[in-house]
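Visitor:
Residue numbers (this note's numbering): 22 to 175.
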């Protein structure tokens, strides 16, 4: 009877270790897959930033070019923070700090205001919805109602 208990205990420990290993492997696969997607996205966005006519389908004015390039950069920066959040590399406090620092400047606030509906629509998982909620919280803390984007946190 005693050897059966020891055998069961060892089996349970092995089962828990296997489950933990599979969880870590799944997390690594998730991070690797997202990193590959982000790398491809970075290449596409970099091409568009270098030559906005590729994306827009026409030669933009200098102002349109500058706006397009800025929004592309801000979007990539937020995507970078999102990946850190989704993989657990960045916790909520770090994510909030990064977004607060980003939104301290009027340009990123304007960029987020222009693209937030897309982010909300694309937040298809609970973790992504939570991330967008965190970004929105930090945006609203700085861009309070009644302020224009150029007025700053005031």
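Yeah, the Cβ is synthetic: ideal placement off N, Cα and C, and Gly gets one too.
Using only CA atoms, which one of 148, 160, 24 and 118 lies nearest to residue 133?
Guide: With distances taken between Cα atoms, residue 133 lies closest to 160.
Visitor: Going by C-alpha to C-alpha distance, which of 57, 120 and 43 sits closest to residue 162?
Guide: Comparing Cα-Cα distances from residue 162 to each of 57, 120 and 43, the minimum goes to 120.
Visitor: Give the straight-line distance between the Cα atoms of residue 75 and residue 89, rounded to the nearest whole angstrom.
Guide: Residue 75 and residue 89: Cα-Cα distance of roughly 12 Å.
Visitor: So the alpha helix (DSSP H) residue 126 belongs to, where does it begin and stop?
Guide: Per DSSP, residue 126 belongs to no alpha helix (DSSP H) and is neither H nor E.
Visitor: Would residue 103 be called buried (16 or more neighbouring beta carbons within 10 Å of its own) or exposed?
Guide: So residue 103 ends up on the buried side.
Visitor: How is residue 112 classed by DSSP in three states: helix, strand or coil?
Guide: Coil.
Visitor: Mind checking which residues open and close the alpha helix (DSSP H) that includes residue 157?
Guide: Residues 147-163.
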